[in-house]
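In UniProt numbering, the protein residues as written are 1 to 128. Below is one structure, written out as structure tokens; the observations come after it.
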């Protein structure tokens, strides 16, 4: 009986590890498709939350690089009066944590590009 209870607890923990980040992301940011993301670029702050070396290789034209691991130090560089558009490569790994920090810092509108840079068909800038 104890083994069954432990197995159930482990299964719930594993499920929670996958469900909580998605729930947390959707609580703090709106995941939007490319057409809506493109429409909002002109009136928003475009932030690439990938690491600097990834940003240098390729990024959406007009994006600023604020790596997720350094977002605490970058909060002052983000206006609280304009929406934030952010993206990663494909799967949102760090986006939930970044969105939560931005929301806590007072950014009212936070959007994440569905599919990230891998799904982007618009203009990009490649590094040398």
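We treat Cβ as the ideally placed atom computed from N, Cα and C, and that holds for glycine. A quick note: this is a predicted structure, and the numbers were derived from the prediction, not measured.
Expected contact under 8 Å - CB spacing of residue i and residue j to nearest Å
i	j	result
residue 110	residue 102	5 Å
residue 38	residue 122	6 Å
residue 84	residue 47	6 Å
residue 61	residue 105	About 26 Å; that fails the 8 Å criterion.
residue 41	residue 113	Not really, about 10 Å apart at Cβ, beyond 8 Å.
residue 78	residue 98	That pair is no contact at about 10 Å.
From the options, residue whose alpha carbon lies closest to that of residue i
i	options	result
residue 92	7, 30, 56, 15	30
residue 86	57, 28, 18	28
residue 107	80, 124, 99, 52	80
residue 65	2, 83, 45	45
residue 51	69, 60, 35, 34	69
residue 115	14, 73, 90, 36	90
residue 18	100, 96, 119	96
Residue i, enclosing beta strand (DSSP E) - first and last residue
i	result
residue 124	124-126
residue 47	45-48
Distance between residue j and residue i (C-alpha atoms, nearest Å)
i	j	result
residue 125	residue 12	43 Å
residue 94	residue 8	28 Å
residue 59	residue 1	53 Å
residue 57	residue 34	21 Å
residue 67	residue 55	9 Å
residue 73	residue 6	41 Å
residue 4	residue 14	15 Å
Where the alpha helix (DSSP H) containing residue i begins and where it ends
i	result
residue 36	34-41
residue 52	52-57
Counting only runs that start and end within the region 61-121, where is the beta strand (DSSP E) found for 3 or more residues in a row? For the region 61-121, whole beta strand (DSSP E) runs of length 3 or above, ordered along the chain, are 84-87, 110-113.
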